[in-house]
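According to mature numbering (1 follows the signal peptide of the UniProt record, and there is no 0), the residues represented by the sequence shown are -21 to -1, 1 to 153, in order. Here a beta-carbon is modelled for each residue, glycine too, at the ideal position from N, C-alpha and C.
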Amino acid sequence: MTSTLVCVCGVVVLLSAGCPALRLMPDRYCLACLCNAASNCSPRIGCQQQRGHTVCGPFLLTADAWRRARKADRQFAHRFRYLNYRMCASDPECAAEAVSHALAHSASDCDRDGRITCKDFGILSRGGPAACRNGTLARRTADSDYFRVLEGCLLDVTAMLGEPSPPAGCGLSA
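If you want it as structure tokens, here you go:
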């Protein structure tokens, strides 16, 4: 099976030959901002309890997200088969890929703006699929310190790259 990657407004679109569905994944800039918002990308953060879940590593990866990533992408599961959840969460490459696949599995227009962007991935990353489905919870997540750091990082990346903000029509309709 052949695959093609296309970057659309900070979101990578994976097109697979023979597959009717698109997979939306955060691009590397979005991943960097998600990591920054989660833990300031601290490599020594270890594991902690947050909202009743154990989260580990610089992305604050949950075991559930790690399992979803392994289930969603067999190549990922095979390539990192020697790493358990906690080891993967502490490995920057494995954790970034796990986060990408877990978010791609749940990609949705959480903030109801008609586009799937890194902000939606931030809501999913912080609040999970339930926050995305629940508009009130999505707004509460979007008002958090995590989200303020994420938005600041995204603005910095946009300024650094010298790119204007995405036009109103840019993005993928949900």
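Going by the beta-carbon positions, is the gap between residue i and residue j smaller than 7 Å?
| i | j | result |
| --- | --- | --- |
| Ala48 | Ala81 | yes |
| Cys67 | Phe59 | yes |
| Ala83 | Tyr64 | no |
| Pro5 | Cys111 | no |
| Ala86 | Leu3 | yes |
Would you call residue i buried or exposed, if buried means 16 or more other Cβ atoms sit within 10 Å of its Cβ?
| i | result |
| --- | --- |
| Leu140 | exposed |
| Asn15 | buried |
| Leu133 | buried |
| Lys50 | exposed |
| Pro22 | exposed |
| Gly106 | buried |
| residue 155 | Shown here, the chain extends from -21 to 153; a query on residue 155 therefore has no answer. |
| Gly36 | buried |
| Tyr61 | exposed |
| Arg94 | buried |
| Ala138 | exposed |
| Asp124 | exposed |
| Asp92 | exposed |
Taking DSSP's pairing of strands, which residues face residue i in a bridge?
| i | result |
| --- | --- |
| Cys26 | Cys35 |
| Pro108 | According to DSSP, which records beta bridges pairwise, Pro108 is partnered with nothing at all. |
| Thr137 | Partner(s): none; Thr137 has no beta bridge. |
| Thr41 | Val34 |
Using a Cβ-Cβ cutoff of less than 6 Å, which residues in the same chain neighbour residue i once the five nearest sequence positions on both sides are dropped?
| i | result |
| --- | --- |
| Phe38 | Cys14, Ala17, Ala74, Val78 |
| Ser69 | Gly36 |
Measure the beta-carbon distance from residue i to residue j and round it to whole angstroms, keeping in mind my assumption that it falls under 8 Å.
| i | j | result |
| --- | --- | --- |
| Cys12 | Leu129 | 5 Å |
Can you find the residues in the same chain that come closer than 7 Å, C-beta to C-beta, to residue i, ignoring five residues on each side of it along the sequence?
| i | result |
| --- | --- |
| Cys20 | Cys14, Pro37 |
| Asp52 | His80 |
Quick one: what's got a C-beta closer than 8 Å to residue i's C-beta in the same chain, skipping five residues either side?
| i | result |
| --- | --- |
| Asp99 | Ala86, Ser87, Asp88, Cys89, Asp90, Cys111 |
| Gly148 | Low per-residue confidence applies at Gly148: pLDDT is 40, beneath 50, and the placement is therefore not dependable enough to give any value. |
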